[in-house]
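Residue numbers for the sequence shown follow the working numbering, beginning at 121 and rising by one.
Where a beta carbon is used, it is the ideal one built from N, C-alpha and C, also for glycine.
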Amino acid sequence: LKSVKVPVANKLLVGGKGAGKDRKLAEDIFKENREDILDFLKRTFKGGFNRALVCLGAGGGTGAGGGPVVIDIVHDLCQTYGIENADTDARVGAVVALPTRGEGSKVQSNAKQTAEVLISFSQKGTLSPLIILDNERIKQIYPKLSVNKFWSTANTSICSLFHLFNKIACQDSQYTAFDSADLDTVFSSGIISFGAVPVSREGEAVEETDISYAVRDNLKKNILANIEVSTGNVAACVVIGDRKTLDNTAQESLEHGFEQLSRLLGEGSTVHRGIYHTSKKGLVVYTIIGGIKAPEQLFDYHL
């Protein structure tokens, strides 16, 4: 845990020796330390919270075996604080990372079993949101990333977007606001995906089809594992640009982009909108797609 840049008081080392890719060993260790983990979480989150995310790597023993146990413990914490009132009133989500092809059959097997467990939680309504990151897909989308940039790209692609939507949902907009209730609807929808695509830079005109193209590009470049985002039934689409660019962007162009997302998701879908200005020059389209169906062959290209 030395490389994790959080206060020492917010770290808890369980077991201490690793699990050697053994899911069952890790599960047993975490269950044996259940009360210690719960007490640690109570101390860490004594100020309260709205939603908790458990982040884990699905290929190793620790994440694969311990992750589901921690999720169950966090549910206990939520019920203690009155954040969850029922089993299906999920305020606990998960971010799970799948391994690359070259990490071996044992790692792949761990990942498959872990993903199946988490997907079953999501389908029962006891885990939301669920974000399944695919490191193999990141390699395909960004094939020339150096070793030191690969993991930071994988982490930043999700963490920065989580942070952005969380902040935006608490801000007013003179145009169209994306509020906390909208965010909660998307985060409560099960499997979700994030995306961000620049539409224009400083001084560039925004054409009518630029925003709709950015929406389509967002769907294509997601880093979820073999998941078809067009199966989603709820979405957030937030456009952020400098004031000058927004003043010179036709409302019709924005509407065209929002409508494009609605068509891609299909009949009965809901798209929550937001338009905000920033000091940073240019225009960027950010999306979250929720309610995505998990494919039956999630690991076709992994195993």
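Fill in: Through-space distance from Val-359 to Gly-394, alpha-carbon basis
Straight through space, the alpha carbons of Val-359 and Gly-394 are spaced by roughly 6 Å.
Discussion item. Just to confirm my understanding: we take Asn-255, look at its own chain, exclude 5 residues before and 5 after, and list those with CB closer than 7 Å. What are they?
Written reply: Cβ within range, chain order: Ala-217, Leu-218, Pro-219, Thr-220 and Ala-274.
Discussion item. Less than 8 Å between the beta carbons of Ala-210 and Leu-173, yes or no?
Written reply: For Ala-210 and Leu-173, no; Cβs fall outside 8 Å.
Worksheet item: With 16 other CB atoms within 10 Å as the buried threshold, where does Cys-290 fall?
Response: The residue in question, Cys-290, is exposed, as its Cβ has fewer than 16 Cβ neighbours within 10 Å.
Discussion item. Can you tell me where the alpha helix (DSSP H) holding Gly-245 begins and where it ends?
Written reply: For Gly-245, there is no enclosing alpha helix (DSSP H), since its DSSP letter is neither H nor E.
Item to complete: Report the partner residues of Pro-318 according to the DSSP bridge assignment.
Response: Note: Pro-318 sits in a beta bridge opposite Val-404.
Worksheet item: Out of curiosity, what's the CA-to-CA distance linking His-422 and Lys-364?
Response: At His-422, the pLDDT of 44 sits below 50, so the modelled position is not reliable; the number obtained from the coordinates is stated separately. Between His-422 and Lys-364, the C-alpha separation is close to 47 Å.
Fill in: Segments of 4+ residues assigned as alpha helix (DSSP H) that fall wholly inside the region 129–201
Within the region 129–201, the runs of alpha helix (DSSP H) that reach at least 4 residues and sit entirely inside it are, in chain order, 143–152, 154–164 and 181–200.
Discussion item. If you reduce the DSSP assignment to three classes, tell me which class Cys-279 lands in.
Written reply: Look at Cys-279 here: in three-state DSSP terms it is helix.
Item to complete: Determine the closest residue to Glu-223 out of Lys-141, His-283, Lys-287 and Ile-288, with distance taken between C-alpha atoms.
Response: The shortest Cα separation from Glu-223 among Lys-141, His-283, Lys-287 and Ile-288 belongs to Lys-141.
Worksheet item: Would you call the CB atoms of Val-326 and Thr-369 closer than 8 Å?
Response: Contact flag set, yes.
Worksheet item: Gly-310: which of Asn-205, Asp-337, Lys-244 and Asn-338 sits nearest, CA to CA?
Response: Proximity to Gly-310 across Asn-205, Asp-337, Lys-244 and Asn-338 peaks at Lys-244, based on C-alpha coordinates.
Worksheet item: For the candidate residues Gln-294, Asn-268, Asp-304 and Thr-164, whose alpha-carbon lies nearest to that of Phe-285?
Response: Its Cα nearest to that of Phe-285, the residue Asp-304 stands out among Gln-294, Asn-268, Asp-304 and Thr-164.
Fill in: Per DSSP, cross-strand counterpart(s) of Tyr-396
Note: Tyr-396 sits in a beta bridge opposite Ile-360.
Worksheet entry | Leu-265 in three-state terms, based on DSSP | Here Leu-265 sits in coil by DSSP.
Practice prompt. Under 7 Å Cβ to Cβ from Glu-379, same chain only, skipping five residues before and after it: list those, please.
Written response: Result list for Glu-379: empty, nothing under 7 Å.
Worksheet item: Identify the residues that DSSP records as bridge partners of Ser-293: which are they?
Response: Paired residue(s): none; Ser-293 is not in a bridge.
Item to complete: Compare the beta carbon distance of Phe-241 and Ile-191 with 8 Å and say whether it is the shorter of the two.
Response: Taking a C-beta distance under 8 Å as the contact criterion, Phe-241 and Ile-191 qualify as a contact pair.
Worksheet entry | Reference Phe-169; option with closest CA among Thr-234, Gly-361 and His-195 | When C-alpha distances from Phe-169 are compared across Thr-234, Gly-361 and His-195, the shortest belongs to His-195.
Worksheet item: Which of helix, strand or coil does DSSP assign to Gly-410?
Response: Look at Gly-410 here: in three-state DSSP terms it is strand.
Worksheet item: According to DSSP, which residues form a beta bridge with Gly-388?
Response: Beta-bridge pairing links Gly-388 to no other residue.
Fill in: Expected contact under 8 Å - CB spacing of Ile-157 and Val-128 to nearest Å
The beta-carbon distance between Ile-157 and Val-128, rounded to whole angstroms, is 17 Å. This is too long to meet the 8 Å contact definition.
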